[in-house]
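Q: Chains as they are written, first to last, in this note's numbering: chain V, 190 to 406; chain W, 190 to 406; chain F, 5 to 222; chain U, 5 to 222.
No residue lacks a Cβ here, since even glycine has one placed at the ideal position from N, Cα and C.
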Amino acid sequence: MNAKEIIARRAALEPKDGDLINLGIGLPTMVPEHLPEDVHVYIQSENGILGVGPKPEEGHEDWHVFDAGGSLVTAKPGAMFFDSAYSFSLIRGGHVDITFLGALQVDEKGNLASWMIPGKRVPGMGGAMDLVVGAKRVVITMEHTLKGAPKLFSTCTYPLTAVSVVDRIITELAVIDVTERGFVVKELAEGVTFEDVERATDATLHKADKIITMPLA
Amino acid sequence: MNAKEIIARRAALEPKDGDLINLGIGLPTMVPEHLPEDVHVYIQSENGILGVGPKPEEGHEDWHVFDAGGSLVTAKPGAMFFDSAYSFSLIRGGHVDITFLGALQVDEKGNLASWMIPGKRVPGMGGAMDLVVGAKRVVITMEHTLKGAPKLFSTCTYPLTAVSVVDRIITELAVIDVTERGFVVKELAEGVTFEDVERATDATLHKADKIITMPLA
Amino acid sequence: MDKVMSAEQAVARIRSGDVLLVGGFLQRGSPETLLGALLERDVKDLTIVSNDTGTADTKTIQLMEKGMVSHAKATYIGANRLAGQMLIDDPSSVELVPQGTLAERIRAAGAGLGGILVEVGLGTVAAENKDTLEVDGKTYILEKPLFGDVALIYATIADKQGNLHMKGATKNFNCLMPLAADLVLVEAEKIVEVGELDSEMIHVPGALVDCICQREED
Amino acid sequence: MDKVMSAEQAVARIRSGDVLLVGGFLQRGSPETLLGALLERDVKDLTIVSNDTGTADTKTIQLMEKGMVSHAKATYIGANRLAGQMLIDDPSSVELVPQGTLAERIRAAGAGLGGILVEVGLGTVAAENKDTLEVDGKTYILEKPLFGDVALIYATIADKQGNLHMKGATKNFNCLMPLAADLVLVEAEKIVEVGELDSEMIHVPGALVDCICQREED
Chain V
190 MNAKEIIARR AALEPKDGDL INLGIGLPTM VPEHLPEDVH VYIQSENGIL
240 GVGPKPEEGH EDWHVFDAGG SLVTAKPGAM FFDSAYSFSL IRGGHVDITF
290 LGALQVDEKG NLASWMIPGK RVPGMGGAMD LVVGAKRVVI TMEHTLKGAP
340 KLFSTCTYPL TAVSVVDRII TELAVIDVTE RGFVVKELAE GVTFEDVERA
390 TDATLHKADK IITMPLA
Chain W
190 MNAKEIIARR AALEPKDGDL INLGIGLPTM VPEHLPEDVH VYIQSENGIL
240 GVGPKPEEGH EDWHVFDAGG SLVTAKPGAM FFDSAYSFSL IRGGHVDITF
290 LGALQVDEKG NLASWMIPGK RVPGMGGAMD LVVGAKRVVI TMEHTLKGAP
340 KLFSTCTYPL TAVSVVDRII TELAVIDVTE RGFVVKELAE GVTFEDVERA
390 TDATLHKADK IITMPLA
Chain F
5 MDKVMSAEQA VARIRSGDVL LVGGFLQRGS PETLLGALLE RDVKDLTIVS
55 NDTGTADTKT IQLMEKGMVS HAKATYIGAN RLAGQMLIDD PSSVELVPQG
105 TLAERIRAAG AGLGGILVEV GLGTVAAENK DTLEVDGKTY ILEKPLFGDV
155 ALIYATIADK QGNLHMKGAT KNFNCLMPLA ADLVLVEAEK IVEVGELDSE
205 MIHVPGALVD CICQREED
Chain U
5 MDKVMSAEQA VARIRSGDVL LVGGFLQRGS PETLLGALLE RDVKDLTIVS
55 NDTGTADTKT IQLMEKGMVS HAKATYIGAN RLAGQMLIDD PSSVELVPQG
105 TLAERIRAAG AGLGGILVEV GLGTVAAENK DTLEVDGKTY ILEKPLFGDV
155 ALIYATIADK QGNLHMKGAT KNFNCLMPLA ADLVLVEAEK IVEVGELDSE
205 MIHVPGALVD CICQREED
């Protein structure tokens, strides 16, 4: 199992039945296929769909039905379409239970940097600032390091997406919560030690009262 | 022709083809039947319809289609239904060309009192405050006096619906505009003199450069 | 996740002191079945937020008769004798709000806005005790979001997931309130299977709805 | 009141210096026929307000290539190389706005709100040069309404009165912008007689629409 699959499998255990969730581009879109069978969620695409289904079969595409990345998708039975003001009412009004997204940097105050790297072209924040401020829970799903360099810091140095918003970080190494004490390791992946995670992290890590092995189903 | 019909007929000459108009309860609802044949307007009912048609024929009522007074109406082909936030977006966003409504008092600064009489039961302002502030033009359609007592004043004494909003007043005696100079008589009904109107008014009236006879078609 | 239940089961979750957002416009599209079930509950000190507190033909007036309602916020109370009496007896118990402001305040609550700046009401009693703000030379009233504990909603059609369709002019506040309350109770004229209600006809997503019951015949 | 015309006739009303509200999301549901006609016009110094300034496959980038665009306001410009270059060349020429804030600012313009209080963006560059306000102990950014001179709108179906239906996810900003602009130009995949478009399927009322043209096949 590669890192991304580990992360997606673990992330798929986060939603409760009936949750409304939003998935960032990339890794988070792998979460739905790993959801437990008895957990049914409403997937929002912030461009205007609640109830996103899988990709359309060839020959059954409708270009009017697409996700926030511009890719064609399907709408499940019972899906709703809406304009951008309504979509962000759902997001900013606290109706999204979990937003899963990637990050460039996360720090121990829960600050998140995910939208621009100084000195590089600036793509824009899209709906990311809205999602992390508005969602009830912000779960970062990402590989623990980028080419060996840590992504968890004591203080973010990149321009922020939002202040003090991250609740949980799921990587291929560990599940880490952001608490008043800072980063707290709650789960370790099979065969990974607390010290392994510390070495891959540029911030102080605390141990949860009880650290369990990361479940993957 | 009674006073109300004179007022409704004259008021029906106000809208331009394609205007979006809103009609208060009572006399203003008589305006549509007198519209010139080449003037097609969109009639809004602020409870959630744009494109109100006539009353339903007996046996063809649908209780889901009603106006702001709770009366059953029909929706014209091309009518749209919407929620109260959208309805008042249309109103407050300046998309209503003319709102026709009655008044208790109007003064020469364009202040309007139309929603409560001190010492009596207070019904509430409904959508009146929104309409008179948001509409591009506010046309008051009312009988000139109430049991002989004037309704046009130098200063309103009842609680206001809004400040400085009235553009025009159409009564069975005259058409009076509210300008920087105050009340300006623009039209007089057939057989009515300027002095007749002055006697029925508790404010200074100015004469327009040219006063014409009130057209009724 | 079965949301379909009886009106009695739905209103069992209402507590004394709750702020109830009640959809409908005058006697039309008001959640009369839920209100009828609520009449049987032993709760009090309720706040009713609705366009107009209903008419003599609707059940909000019966809640008032039974002494269950301590506060009301509405745009119009002229068709509900008891709401008028409440205002006379205790002016602080009834708040009259311009209709667009009521809609925007409920929307603001649902949309996560901290407030909205409105022109409507300036120079009138609707501006009393409210902060005003000058922006680019114009003065506005700062209106705050209006939240509810429970929304009581009418729908023409609900599917079993809670997706709602409101026909014609029954959208009014019924479409807005589900976003602004913690608990959303719906009565529907017709309850259908998921997928029977066309996606383009859905006005409120099922994800916001907690309980659905069958509306009784008028 | 015939609103149906060619795209050329519709865009003839656009002037240099205009602020254009352009609907669509990435390469989907963007008013490409109107933008194509605009490319032939001799106007400049346009401001483009849109979700994302389009992609390499859409025509906003061609307007930029021709030097017709001096300013852009968007949530995302990562798929339009020239918008990125504009930002590098002159940071004041491109304003990046969180997506919900862009939607609410356009809605506020259409709804007559003087401003809205939002939490999103606090502590980030999105709060720079903006007033903040404390309400009931919480801090908010005061965001102002965003108006356009002209809205360029995609619709799936338009009737001849200008009533519009946007299918699926093409509603995005296409539904909001017609309320926020003085002049509303629409291209529709299909133009039908009044009454053929069901009242419950109308997302934008014809009263707001000035010009309708036939969208060219993709």
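Rounded C-beta distance between Ile306/W and Leu293/W? I'm assuming under 8 Å.
A: At roughly 7 Å, the Cβ-Cβ gap stays under 8 Å, so Ile306/W and Leu293/W are in contact.
Q: With Glu123/U as the anchor, note down where its beta strand (DSSP E) starts and where it stops.
A: That residue, Glu123/U, is in no beta strand (DSSP E); it is neither H nor E in DSSP.
Q: How would you call Asp49/U, buried or exposed, if buried means at least 16 neighbouring beta carbons within 10 angstroms?
A: By the 10 Å Cβ count, Asp49/U comes out exposed.
Q: Does the CB of Leu183/U have a neighbour CB from chain W at under 7 Å?
A: So yes, Leu183/U belongs to the interface.
Q: Going by alpha carbons, who is nearest to Val47/U out of Asn55/U, Met68/U, His169/U?
A: Selected option, being the one with the closest Cα: Met68/U.
Q: Given this structure, state the Cα-to-Cα distance separating Pro95/F from Ser74/F, to the nearest angstrom.
A: One C-alpha to the other measures close to 12 Å.
Q: So, do the stretch 184-191 of chain U and the stretch 148-158 of chain U have three or more beta carbon pairs nearer to each other than 8 Å?
A: Result yes; three or more Cβ-Cβ pairs closer than 8 Å.
Q: Going along chain V in order, which residues have a C-beta closer than 7 Å to the C-beta of Asn133/U?
A: Going along chain V, no residue has its Cβ under 7 Å from Asn133/U, so there is no contact; the nearest lies around 15 Å.
Q: In the structure shown, what three-state DSSP assignment does Phe289/V receive?
A: Looking at Phe289/V - three-state DSSP - the assignment turns out to be strand.
Q: Just checking: is the beta-carbon of Pro243/V within a distance shorter than 7 Å of some beta-carbon in chain F?
A: Chain F contact via Cβ: absent.
Q: With a threshold of 8 Å on Cβ separation, who are the neighbours of Lys396/V within its own chain once the five nearest residues in sequence on each side are excluded?
A: Contacts found: Val373, Val374, Phe383.
Q: Ignoring anything shorter than 3 residues, give me the beta strand (DSSP E) runs that lie fully in the stretch 304-341 of chain W, in order along the chain.
A: Here the runs fully enclosed are 326-330.
Q: So what does DSSP say about Tyr347/V, is it helix, strand or coil?
A: Here Tyr347/V sits in coil by DSSP.
Q: Cβ of Asn176/U less than 7 Å from any chain V Cβ?
A: By this cut-off, Asn176/U is an interface position.
Q: Can the beta-carbon of Val311/V be found less than 7 Å from the beta-carbon of Leu91/U?
A: Taking 7 Å as the Cβ cut-off, Val311/V and Leu91/U qualify as a contacting pair.
Q: Please specify which runs of the beta strand (DSSP E), each continuous and at least 3 residues long, are wholly inside the stretch 35-118 of chain U, giving them in chain order.
A: Listed in chain order, they are 50-53, 73-78, 98-100.
Q: CB Ala162/U to CB Val190/U, shorter than 7 Å?
A: Yes.
Q: Can you give me the C-alpha to C-alpha distance between His249/W and Gly371/W, rounded to a whole angstrom?
A: Roughly 48 Å separates the two Cα atoms.
Q: Which stretch, first to last residue, makes up the alpha helix (DSSP H) that contains Val15/F?
A: Start and end: 11-15.
Q: Give me the chain W residues within the contact set of Thr79/F, using Cβ-Cβ distance strictly less than 8 Å, ordered along the chain.
A: Those within 8 Å of Thr79/F in chain W are Gly313, Met314, Gly315, Gly316.
Q: Would Ser203/F count as contacting chain V if we go by Cβ distances under 7 Å?
A: Yes, because at least one Cβ of chain V sits closer than 7 Å to the Cβ of Ser203/F.
Q: Using DSSP bridges, identify the partner residues of Cys217/U.
A: Partner(s): Glu191/U.
Q: Using the three-state DSSP reduction, which class does Val208/F fall into: helix, strand or coil?
A: If DSSP states are grouped into helix, strand and coil, Val208/F belongs with the strands.
Q: So which residues of chain V does Ala159/U contact, with C-beta pairs closer than 9 Å?
A: Per Cβ cutoff of 9 Å: no residues; Ala159/U is ~11 Å from chain V at best.
Q: In whole angstroms, what separates the C-alpha of Thr143/U from that of Asp251/W?
A: When rounded, the distance between both Cα atoms is 47 Å.
Q: If you measure beta-carbon to beta-carbon, which residues of the stretch 250-276 of chain W are closer than 7 Å to chain U?
A: The residues in question are Ala264, Pro266, Gly267, Ala268, Met269, Phe270.
Q: List the DSSP bridge partners of Gly371/V.
A: DSSP, once it has assigned bridges, lists Thr368/V as partnering Gly371/V.
Q: Reducing DSSP to helix, strand and coil, say where Glu250/W ends up.
A: Of the three classes helix, strand and coil, the one that applies to Glu250/W here is coil, per DSSP.
Q: At the 7 Å Cβ level, is Gly337/W part of the contact set with chain U, yes or no?
A: Chain U contact via Cβ: absent.
Q: Pull up the distance between the alpha-carbon of Leu162/V and that of Asp366/V, whole angstroms please.
A: Nothing about residue 162/V can be reported from this structure: the residues present for chain V run from 190 to 406 only.
Q: Hey, is Pro149/U's beta-carbon within less than 7 Å of any beta-carbon in chain W?
A: So, not an interface residue.
Q: Would you give the residue range spanned by the alpha helix (DSSP H) that Arg199/V belongs to?
A: First-last of the alpha helix (DSSP H) with Arg199/V: 192-200.
Q: Gly283/V touches chain U at which residues, Cβ-Cβ below 7 Å?
A: Within 7 Å Cβ-Cβ: nothing; Gly283/V doesn't reach chain U, min ~11 Å.
Q: Quick check on DSSP: helix, strand or coil for His229/V?
A: In this structure, His229/V counts as coil in the three-state DSSP scheme.
Q: Given a cut-off of 7 Å on the beta-carbon distance, is the pair Leu100/U and Gly313/V in contact?
A: For Leu100/U and Gly313/V, yes; Cβs fall inside 7 Å.
Q: What does Thr360/V pair with, by DSSP beta-bridge criteria?
A: Its beta-bridge partners do not exist; DSSP assigns none.
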